[in-house]
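Below you'll find the structure, written out as structure tokens, and then a few comments.
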Amino acid sequence: MTHPVTEGGATDSFDYVHELWTRCLDPSVEFERKLDRLLTSESDRFDLPYGFFTHVDAAEDTQEIVRAHGSHELLQPGQTCPLSKSYCRKTIAQADGRLRVNEALSDGWGDDPAYEVFELGSYVGSTVETTDGIYGTLCFASSNPRDEPIADREALLVDMFAQWVSYELVTRERPTRSADRPEQLRNVAELAAHDLRNPLSVASSQLALLQEGVQDAVDRIDAAHARMEHIIDDLNLLARLDEPVTAPECVDLRTCVSAAWEMVQTEEATLAVELDGATVSGDPSRLTRLFENLFHNAIHHGSSAATVRVGTLADGFYVEDDGPGIPPDERELVLSPGYSTTPDGTGFGLSIVRQIVDAHDWTLTITAGDSGGARFEVTGASTG
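Per the UniProt record's numbering, numbering through the sequence shown is continuous, rising by one, with the last residue being 384.
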């Protein structure tokens, strides 16, 4: 039985996962070819000989196999069945979009229509989504029960792969708005692979310590996995935020600022607001996220006791902190997807800010604040 954490040790495990993730995000290889490779390699690694990617339609009660690996005659590309008679119907119904079946008969699947049709003894799957909602599932299965329960780390890998497939589908379905948009998306994917390396490394290295009974390793693994989730969330958000704001509202800036500040987990930082009832025409949820990311940036890259100021400009607003500031030669770099100056940053916070600004057709400029800290100016947003 081969698991993502191999007998070769934590380093071997990490190197494999990082190499696999990098291959998934290689922009020079077609999506279908990368997916076929993934289904083949991970079917062998999970000891689940069937790997398949499905498209489901709940309204039509259909499931179609889109890509597949393995010899199961009903799990071949083009094969269809009623969704109501598939394992995947329960995958997409889970709150977290994941399903694990270690021993189908022991787990109560004997009378289930999915078992009667496919006779799968073990299964792990995760939901694939696009901007239109649930698209399908990415799954691995066997006709036999697993010798060992499907581990959390294996389910997490399947979910990461499903997130990657979701990202690829969203990228393909969205028309480009500029000539360099495909290159921007490829850069996001490549840099995401880089950012996922550190938390995966932490998680893998700490597994060895668990064998020695070091409890602190559990907390570090949890933190590493949480950061991977944050990176994935930011990546998905970044892929969606370039949609132009088509139905702007009159937004009270103080309300957005207050809501964003509540999300900053610090009691030492100080917020100084000079807005005087200012409003802008925009998307309130995206504006709140803009302020939240700028506040987190000020505290994370400055001090937990930072002072953050928010005020109006003649044609916009600014956010300024009293931290170390951003050197002029790095001000464009910090807005790039995946760029981070700290080992625990996701590298997407400020690029999300720029996406939000661009979606409103505004302009973002980074300068030096009065106290030498970073000052982010958003212009082209007339304040009322």
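Glycine included, each C-beta is placed from N, C-alpha and C at the ideal position.
### Message
Across the region 98 to 112 and the region 62 to 74, are there enough close Cβ pairs to call them in contact, namely three or more that are closer than 8 Å?
### Response
no
#### Entry: Beta-carbon spacing of R67, F53 below 8 Å
yes
### Task
Quick one: which unbroken alpha helix (DSSP H) runs of 4-plus residues sit fully inside the region 320 to 378? Chain order, please.
349 to 359
### Task
Taking all protein chains shown into account, decide if V264 is buried (16 or more other Cβ within 10 angstroms of its Cβ) or exposed.
buried
### Task
For L39, collect the residues of the same chain with a Cβ closer than 6 Å to its Cβ; drop the 5 residues on either side in sequence, then sort them by chain order.
G51 and H69
### Task
Measure the C-alpha to C-alpha separation of V319 and E148 and round it to an integer number of angstroms.
53 Å
### Message
Is it the case that the region 246 to 265 contacts the region 279 to 292, given that we only count it when at least three CB pairs across the two stretches are under 8 Å?
### Response
yes
#### Entry: Best match in A59, S285 and G323 for proximity to H300 [C-alpha to C-alpha]
G323
### Message
Looking only at its chain, what residues have a beta carbon closer than 8 Å to the beta carbon of F31, apart from the 5 residues adjacent to it on each side?
### Response
E168 and R172
#### Entry: Local Cβ density within 10 Å of G373, reported as buried at 16 or more and exposed below that
buried
### Query
CA-CA distance, I326 and D315?
23 Å
### Task
Name the two residues that bound the continuous beta strand (DSSP E) containing L313.
T307 to L313
### Query
Does the beta-carbon distance from S143 to G121 come in below 8 Å?
yes
### Message
Excluding the 5 residues flanking S166 on each side, which residues of the same chain have their C-beta closer than 6 Å to its C-beta?
### Response
V128 and E129
### Task
Excluding the 5 residues preceding and the 5 following T379 in the sequence, name in chain order all residues of the same chain whose CB lies nearer than 6 Å to its CB.
D315, G316 and T363
### Selection from R89, L156, P113 and P145 that minimises the alpha carbon distance to Y135
R89
### Query
Out of curiosity, what's the CA-to-CA distance linking V170 and H360?
21 Å
### Query
Does DSSP classify Y87 as helix, strand or coil?
coil
### Task
Tell me L99's beta-bridge partners as DSSP assigns them.
G125
### Bounding residues of the beta strand (DSSP E) (the contiguous stretch that carries D57)
Y50 to D57
### Task
Using 10 angstroms around the beta-carbon of V29, count the other beta-carbons present and answer buried if the total reaches 16, otherwise exposed.
exposed
### Message
I'd like to check one pair, L313 with E377: are the Cβ atoms closer than 8 Å?
### Response
yes
#### Entry: C81 vs V117 beta-carbon contact at 8 Å
yes
### Spatially closest choice to residue 407 from L48, R23 and E274, by CA coordinates
Since the first residue of the chain shown is 1 and the last is 384, residue 407 is not available in this structure.
### Query
Whose C-beta lies closer than 6 Å to the C-beta of T365 among residues of the same chain, with five residues either side of it excluded?
E377
#### Entry: Outcome for D283 when other beta-carbon atoms lying within 10 angstroms are tallied against a minimum of 16
buried
### Query
Within this structure, are the beta carbons of D107 and L83 separated by less than 8 Å?
no
### Message
Mapping the DSSP letters down to three states, classify D107 as helix, strand or coil.
### Response
coil
### Task
Closer than 8 Å by C-beta to S382: which residues in its own chain qualify, once you throw out the five before and the five after it? Chain order, please.
V280, S281, D315 and G316
### Task
Mind reading off the beta-carbon distance from L271 to W261? Whole number of angstroms is fine, and I expect it under 8 Å.
5 Å
### Message
Is the beta carbon of A306 closer than 8 Å to that of A259?
### Response
no
#### Entry: Simplified DSSP assignment, three categories, for E30
coil
### Inter-residue spacing [alpha-carbon to alpha-carbon] between R331 and G133
36 Å
### Query
I think I92 touches V56, with their Cβ atoms under 8 Å apart; what is that distance to the nearest whole Å?
7 Å
### C-alpha distance - D329 paired with T367, whole-angstrom precision
11 Å
### Query
Can you tell me whether T137 is buried or exposed, with buried defined as 16 or more other CB within 10 angstroms of its CB?
buried
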